[in-house]
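Read through the structure below, which is laid out as structure tokens, and then see the notes.
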Amino acid sequence: MKNNIAFLGPAPPFRGGISSFATQLAREMVKCGYDVKMFSFFKQYPQVIFPGKEQLDPDMDTYNLDIEACFTPYLPHTWKNAVNKLKEYEPDVLVVSFWIPLMAPALGWICSMLKPSVKVIYLIHNIDFHEKWPLAKLFTKYAMRSASHYMTLSEKTVSDLKQLIPHNRYSAIIKGFHPIYENYSAESLIHRKSVEHTILFFGLIKAYKGLDVLLKAFPLVLEHIQDARLVIAGEIYGDDTVYDELVKQIQPRTAVEASFKYVPDSEVTGYFHNSNVCVIPYKSATQSGVISIAFAHNLPVIASDVGGISEAIEDGVNGLLVPADDVEALSNAIIRYFKENMQAKMAENIRSSKSTLTWEALVRNMESVL
Numbered sequence: 314m315k316n317n318i319a320f321l322g323p324a325p326p327f328r329g330g331i332s333s334f335a336t337q338l339a340r341e342m343v344k345c346g347y348d349v350k351m352f353s354f355f356k357q358y359p360q361v362i363f364p365g366k367e368q369l370d371p372d373m374d375t376y377n378l379d380i381e382a383c384f385t386p387y388l389p390h391t392w393k394n395a396v397n398k399l400k401e402y403e404p405d406v407l408v409v410s411f412w413i414p415l416m417a418p419a420l421g422w423i424c425s426m427l428k429p430s431v432k433v434i435y436l437i438h439n440i441d442f443h444e445k446w447p448l449a450k451l452f453t454k455y456a457m458r459s460a461s462h463y464m465t466l467s468e469k470t471v472s473d474l475k476q477l478i479p480h481n482r483y484s485a486i487i488k489g490f491h492p493i494y495e496n497y498s499a500e501s502l503i504h505r506k507s508v509e510h511t512i513l514f515f516g517l518i519k520a521y522k523g524l525d526v527l528l529k530a531f532p533l534v535l536e537h538i539q540d541a542r543l544v545i546a547g548e549i550y551g552d553d554t555v556y557d558e559l560v561k562q563i564q565p566r567t568a569v570e571a572s573f574k575y576v577p578d579s580e581v582t583g584y585f586h587n588s589n590v591c592v593i594p595y596k597s598a599t600q601s602g603v604i605s606i607a608f609a610h611n612l613p614v615i616a617s618d619v620g621g622i623s624e625a626i627e628d629g630v631n632g633l634l635v636p637a638d639d640v641e642a643l644s645n646a647i648i649r650y651f652k653e654n655m656q657a658k659m660a661e662n663i664r665s666s667k668s669t670l671t672w673e674a675l676v677r678n679m680e681s682v683l
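Last residue of the sequence shown: 683 in my numbering, with the numbers rising by one and none dropped.
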């Protein structure tokens, strides 16, 4: 009989990449014969520090997974409830989503209360944080002490993790990857007029995501490709005035379609299906879920060569890599992509590589410690 697997961290209806990743991994584990239950939050962030508009998407698909809200990470008096609920389930393995140090005290304490009877695997999305958090290193080290194993999604994260854990714990690191999402279909298409040279920027908009760089590069693209079109789809976290001002400077104004709001799963395919390239101009990164979504739609990616991005993007094969925060380099790459008609060949390369980047493969990669 296969083990009981518990997940700890965000799950539907909490939206965002961390929740989506955990949901797809849990879904695949069920397919592989494991008994799975997800233990999530009553509330995720204090509203006073949350930079977006909404934290929940009540329409998110749960895929009939067993999900229970049991604690609030910033309210210590709720943590014991999570421990009690987990003990009732009696998991053999606990998979813990880790992405920001704000969650570290809660996750570390809960996991410490379950050991040694429960094997704890930290699923680490990011450990070198984009935003600066007070006491981040101290909190993160505390959480990592409760881990039996560490699952990373990029070599960059492996390198960052080794700066925080003792040398004798290196053997507990499992080198994983970000699978290609399989939960999008053409049935969810948003029908819009397709333009031959459509550039897509997709996802939550934070300062490190580099949308400002793309907005400065786009007028240079228009000088060479007059019918180019930039589609922006994502909610802004932080001050939106800088982006509004840059959009207003682009002529013609019809060349930019900016939808500064959260995109539910039901609308994702429409954006990628009607685009010719996805641009990820990040100023820093460990890895990117947006690349996996693009590849799910066979869409090539032009991205900054930062962090673990180059582990997913092979320059000239499934996309192009450019230096970070370089307006001229980014505009030249976009122009070259269209002038040299790269989309068809790159899309075919993406299709042929999908078989190695599946959720089942990630589960099999973890099975030695499950």
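Heads up, the beta-carbon is just placed ideally off N, CA and C, and yes, glycines get one too.
From a predicted model like this one, the values you see are computed outputs, not experimental measurements.
Cβ neighbours of Asp628 within its own chain (closer than 7 angstroms, five residues either side excluded): Leu634.
The shortest CA-to-CA distance from Gly421 to any of Tyr387, Ser623 and Ala642 is the one to Tyr387. A direct Cα-Cα distance of roughly 42 angstroms separates Phe411 from Asp540. One Cα belongs to Asp618, the other to Ala419, and the distance between them is close to 34 angstroms. The beta carbons of Pro371 and Pro326 sit closer together than 8 angstroms. For Cys424, the enclosing alpha helix (DSSP H) begins and ends at Ala417 to Leu427. In terms of Cβ geometry, Cys424 and Val409 form a close pair [threshold 8 angstroms].
In the DSSP assignment, Ala637 falls outside any alpha helix (DSSP H), carrying neither H nor E. Secondary structure note for Asn317: its beta strand (DSSP E) is the uninterrupted segment Asn317 to Leu321.
Straight across, the Cα-Cα distance linking Arg340 with Ile538 is about 43 angstroms.
It is roughly 18 angstroms from the alpha-carbon of Tyr575 to the alpha-carbon of Asp525. Taking the Cα positions, Lys658 is about 47 angstroms away from Leu451. Counting along the chain, the unbroken beta strand (DSSP E) around Ala546 starts and ends at Arg542 to Ala546. Distances from the alpha-carbon of Val361 to those of Gly551, Ser601, Ile604 and Glu381 put Gly551 closest. With fewer than 16 other Cβ atoms inside 10 Å of its own Cβ, Thr669 counts as exposed. Per the coordinates, the alpha-carbon of Val560 lies some 7 angstroms from the alpha-carbon of Leu528. A direct Cα-Cα distance of roughly 6 angstroms separates Asn631 from Ile663. Taking the C-beta atoms as reference points, Leu517 is found no nearer than 8 angstroms to Gly489. For secondary structure counted as the alpha helix (DSSP H) over 4 or more consecutive residues, the region 583-620 holds these complete runs in sequence order: 602-609.
Nearest C-alpha to Ala324 among Phe515, Asp557, Gln337 and Thr582: Gln337. A distance below 6 angstroms between beta-carbons, with the five flanking residues on each side excluded, links Tyr376 to the following residues of its chain, in chain order: Arg340.
In this structure Pro594 does not touch Gln656 by the C-beta definition: roughly 19 angstroms separates them, more than the 8 angstroms allowed.
When the alpha-carbon of Asn439 is set against those of Pro577, Ala637, Ser572 and His491, the nearest one is in His491. Distances from the alpha-carbon of Tyr435 to those of Asn316, Arg458, Ile549 and Ala609 put Arg458 closest. Remark: C-beta atoms of Leu378 and Arg328 do not approach each other more closely than 8 angstroms. Bounds of the beta strand (DSSP E) holding Glu381 are Asp379 to Phe384. Exclusion of the five residues before and after Pro636 leaves Ala642 as the residues of its chain whose Cβ lies within less than 6 angstroms of its Cβ.
Note: Ile549 is bridge-paired with Ile518 in the DSSP secondary-structure output. No Cβ-Cβ contact shorter than 8 angstroms links Ile545 with Ile647. Taking a contact as a CB-CB distance under 8 angstroms, the pair Val433 and Ala395 does not count as one, their CB atoms being some 13 angstroms apart. Bridge partners of Leu369 according to DSSP: Phe327. Shortest Cα-Cα distance from Ala660 to any of Glu580, Ala607 and Ala456 involves Ala607.
In the structure shown, Ile663 falls within a helical segment according to DSSP collapsed to helix, strand and coil. One thing to note: Glu468 has its Cβ no nearer than 8 angstroms to the Cβ of Glu367. Residue range Lys432 to Ile437 is occupied by the beta strand (DSSP E) that includes Ile437, with no alpha helix (DSSP H) assigned at that position.
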